[in-house]
């Protein structure tokens, strides 16, 4: 199978959906003439014209607000927010407007928008341009949260997100844009709300979120050398969360660690941990552990940032600790 | 300040369970005064205060199973000396495998066992007591594997294609944990059944004289039997032996145990040196031990040191029976009822009170012929009971 980068897989998804549905339009900062900061929208302005690929002023509130309005008016906007750190500026439009319209109108209104964004942890972008904060949106029912961990998923999940009739927060990992992976040429989509077991194992379940899926897979390889068989699950979407796949796995392995790039306190790991407790308590043979970032702003200094970030070694260490090995 | 330690009342005792504290913390106790009731493997006994003073600290609660020689209480001076912080080591079962397992931290008395939810669920399903399972997880936590090892069961294989049909389960009236005497009896008998090579001999015995003498002398049948057996054991020391590993021990003491049924279960207190005691002395002792047994007041000393056992179910219309050897002893004599039966003497048939002696012996220790001779001696002694007076 041919290999594409994560960024190119995303670009293919956008292009195919724009070809498929004339209502799909793009808007965001630098996505047109500049081809996108991460080149995800490269060539799309030339192909689809300025009507469907709109460069916007530097105003995240306007981008998000315009997307909500366009969606309500019947289009399928895919808005890009350059850094996840800027989502607080869009928060009112997302949390108060996009997430509530369908519910408050009794289904008469719908907001079929996608808000693409990325987090740059690990790229030395400093405290204000590196955060990964999906848990903020776990408190906003009405918004789907999608986090592809590889090129194949990036394409399949983005296509499903665009076709979804609800607002979708589509979170990309800046560190993954240049990574390559197999992406078939033929059409495919991946349903939202379906986790994937990336590797089968018997002794422990490692749930990875976004970039941490890759780290979890590296950790599993290292653990195998220590005689520990780890199962790795990619959640793919946090809202809806495929709890069934996780719980079934934990019932078999009886141990769970959750690896994600957000801050540990109040993070997605806490939510998954609590849900597994509620559904598989009697099967747990060890405390559920979270591998996440410390509760501090992200340091700019490259060595400090490296030590701040979760990685495969930290996962291995945590697994061994809870297993008493 | 003096510590009260869990006593070891026989060599096999590993731990004792606190049944009742007779004194409270802070109370004054006199040396020699009973302060706590302990249930050992074979009986319940009282532990006395080793010193006079204030019972300043109780370290083990009712129901706790405490390893021998571990402190269970502290008696301070009259000033009430501050007791040191103590950790009491509870009894834990010996690991059944030889696999190296880390030593668990001693658990403070009263603490709940540290176990994972999965271990708790499995233990509950298997009806296991977590406090008896050794934890090998981090910090001594009992893990799923520890419980599985304890049940010595591997996970059942995946169900095959055919789904098992629904099984019928009888309704449960009650479930009781095996402990105390019941547990000791079960363990001893299982050991016996696994290790002993039992052979059974029966011999019909004329009890005519015995029946008369029993009434005139006011001595119980069991006492005659003890004396008859003790005399025979003197002549057949191999029957007065025990086996342990590849070592045979023959005893110069002839200590005959008499099995007694109590509400708590079967016990077999010992008549020490029965061969040197008179029939009357034996009878007094049998009566005294039976009373003690019924009051649940037998000491461990009463219950240990036996070299042969007699058991009698004649009062319950049992004709004859082959009892299980009480290990490590070599033999046991089962007595059935004495009843008038046809008795042939030459061509004459009359009725006489007869009984059947059943000897079960461990063929590893003694062969058939010497065992037969031993039983013959017992029979002769009982048929000529005046010789026992």
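Protein chains in written order, with our numbering: chain A, -16 to 308; chain Y, 3 to 391.
Idealized CB from N, CA, C, for every residue including glycine.
All values derive from a computational prediction rather than experimental measurement.
With 16 or more other Cβ atoms from the protein chains shown falling within 10 Å of its own Cβ, residue 225(A) counts as buried. Between the alpha carbons of residue 335(Y) and residue 42(Y) lies a distance of about 27 angstroms. Straight-line spacing of the CA atoms in residue 172(A) and residue 263(A) works out to 31 angstroms. The beta carbon of residue 117(Y) sits closer than 6 angstroms to those of 132 and 144, all from its chain and outside the five residues before and after it, given in chain order.
In the three-state scheme derived from DSSP, where H, G and I count as helix and E and B as strand, residue 332(Y) is classed as coil. Between residue 387(Y) and residue 190(Y), the alpha-carbon positions lie close to 33 angstroms from each other. Restricting attention to 109(A), 140(A), 69(A) and 42(A), the CA atom closest to the CA of residue -11(A) is found in 140(A). With respect to residue 136(A), residue 217(A) sits close: the two C-beta atoms are nearer than 9 angstroms. In this structure, residue 300(Y) sits away from residue 274(Y), with a CB-CB distance that is not shorter than 9 angstroms.
Within chain Y, the residues 118, 120 and 146 have their CB atoms less than 8 angstroms from the CB of residue 237(A), given in chain order. Taking a cut-off of 8 angstroms on C-beta distances, the stretch 244 to 259 of chain A does not touch the stretch 75 to 83 of chain A, as fewer than three cross pairs fall below it.
Under the DSSP assignment, residue 126(Y) falls in the alpha helix (DSSP H) whose first and last residues are 119 to 128.
Under the 9 angstroms criterion on CB atoms, residue -7(A) is classed as non-interfacial with respect to chain Y. Residue 237(Y) sits in a helix when the DSSP states are folded into three classes. Rounded to whole angstroms, the separation of the alpha carbons of residue 37(A) and residue 215(A) is 39 angstroms. Check the Cα spacing between residue 292(Y) and each of 225(Y), 250(Y) and 329(Y): the tightest is with 225(Y).
Judged by beta-carbon spacing, residue 97(A) lies within the 9 angstroms limit of residue 153(A), meaning their Cβ atoms are closer than that value.
Per DSSP, residue 217(Y) is one residue of the alpha helix (DSSP H) stretching across 210 to 219.
Per DSSP, the beta bridge partners of residue 153(A) are 99(A) and 129(A). A straight-line Cα-Cα distance of about 24 angstroms links residue 42(A) and residue 125(A). Among the residues of chain Y, those whose CB is under 7 angstroms from the CB of residue 267(A) are 118, 119 and 120, following chain order. The beta carbon of residue 136(Y) does not come within 9 angstroms of any beta carbon belonging to chain A, so the residue lies off that interface. Taking 9 angstroms as the CB threshold, residue 129(Y) stays off the interface with chain A. Judged by beta-carbon spacing, residue 173(Y) lies beyond the 9 angstroms limit of residue 376(Y), meaning their Cβ atoms are not closer than that value.
Secondary structure at residue 213(A): strand, using DSSP grouped into helix, strand and coil. Looking at 17(Y), 8(Y), 20(Y) and 391(Y), the one whose alpha-carbon comes closest to that of residue 216(Y) is 391(Y). Within the same chain, and ignoring the five residues on either side of residue 232(Y) in sequence, the residues whose Cβ sits closer than 6 angstroms to its Cβ are 256, 258, 276 and 277.
Cβ-Cβ separation between residue 20(Y) and residue 64(Y): approximately 5 angstroms, consistent with a contact (criterion under 8 angstroms). A distance below 7 angstroms between beta-carbons, with the five flanking residues on each side excluded, links residue 35(A) to the following residues of its chain, in chain order: 1, 8 and 9.
Of all residues in the stretch 184 to 207 of chain Y, none has a C-beta nearer than 9 angstroms to a C-beta of chain A. If you draw a straight line from the Cα of residue 213(A) to the Cα of residue 183(A), it comes to about 7 angstroms. Near chain Y, meaning a CB-to-CB distance below 9 angstroms, no residue of the stretch 183 to 197 of chain A qualifies.
Judged by beta-carbon spacing, residue 135(Y) lies within the 9 angstroms limit of residue 115(Y), meaning their Cβ atoms are closer than that value.
Apart from the 5 residues on each side of it in sequence, residue 39(A) sits with its Cβ closer than 7 angstroms to the Cβ of 10, 11, 12, 45 and 46 in its chain, given in chain order. With a threshold of 9 angstroms between beta carbons, residue 139(Y) makes contact with chain A. Within the stretch 36 to 65 of chain A, not one residue has a Cβ closer than 7 angstroms to any Cβ of chain Y.
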